[in-house]
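J.: The following block contains the structure, expressed as structure tokens.
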Amino acid sequence: MEKNYKYDIAISFADEDRNIALSICLALKLVAPELISYYYPERQDKMIGKKLKEELKEIYRHDSRCVIIIVSQHYINQNKKFVQAEIEAFMPRYLMEKETFLIPVVIDDTSVTKVGDELDGITWFSWDYNAEHLADQIKRILGKNIDASFTNKKESKKNKSRESSQVFEANGNNFQNDVMFGNNNTINKGNIK
């Protein structure tokens, strides 16, 4: 029996790399609107009053179908206590998981093994400032898992048609489903409604 996850994708990143994480999150919403992503800035209100490290452990180890990690010099900084908590949460599951669970996106020349020696040999994406293309590749990688997840979600709640106008909120801004991503992680502001 397939596990019913709270999130299809959780994105782990350092604060300095927030714009890249945001562009990936928004691109995933455009390419695969049926997916539910955990992107901390969008879910901050749900964490108020809770023990954040414990919540992160649950999200990154148990509640997410897969984890995207944004690998950079900032991400491997040992002083980033919440990033370290996320790494400690997903690493044991990565070592045991048979399906694709961890998707590294390297945005500078940092080796994925700096995140943990356990990642030696893992394949990864190199960041090329094209979040929509990356989201499409991630959707293809997850393939059948996305289809199964979407079918389960359709049964539990009403599904909106893909043709309907969808609005995404990020950092207090609303975006229609025609948002485009440009070079250097910018969003085409002409599509803000």
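According to the numbering used here, the sequence shown is numbered sequentially starting from 5. Every residue gets a Cβ at the ideal spot worked out from N, C-alpha and C, and that includes glycine. Everything numeric in this text was worked out from a predicted model, so none of it was measured.
#1: Would a check of beta-carbon distances place Ile142 closer than 8 angstroms to chain C?
#2: Could you tell me the boundaries of the beta strand (DSSP E) in which Ala14 lies?
#3: Strictly by DSSP, which residues pair up with Ser130?
#4: Quick check: what's the CA-CA separation for Val71 versus Ser16?
#5: Just tell me which of Leu60, Tyr44, Pro108 has its CA closest to the CA of Gly125.
#6: Quick one: complete alpha helix (DSSP H) runs, 4+ long, within the region 32-106?
#7: So, with DSSP's three-state summary, where would you put Ser27?
T.: By the coordinates alone:
#1: No chain C is part of this structure, which consists of one protein chain only.
#2: Looking at the DSSP string, the run of the beta strand (DSSP E) that includes Ala14 is 11-16.
#3: Val110
#4: Cα to Cα, the separation comes out at about 7 angstroms.
#5: Pro108
#6: 44-51, 56-62, 85-100
#7: helix
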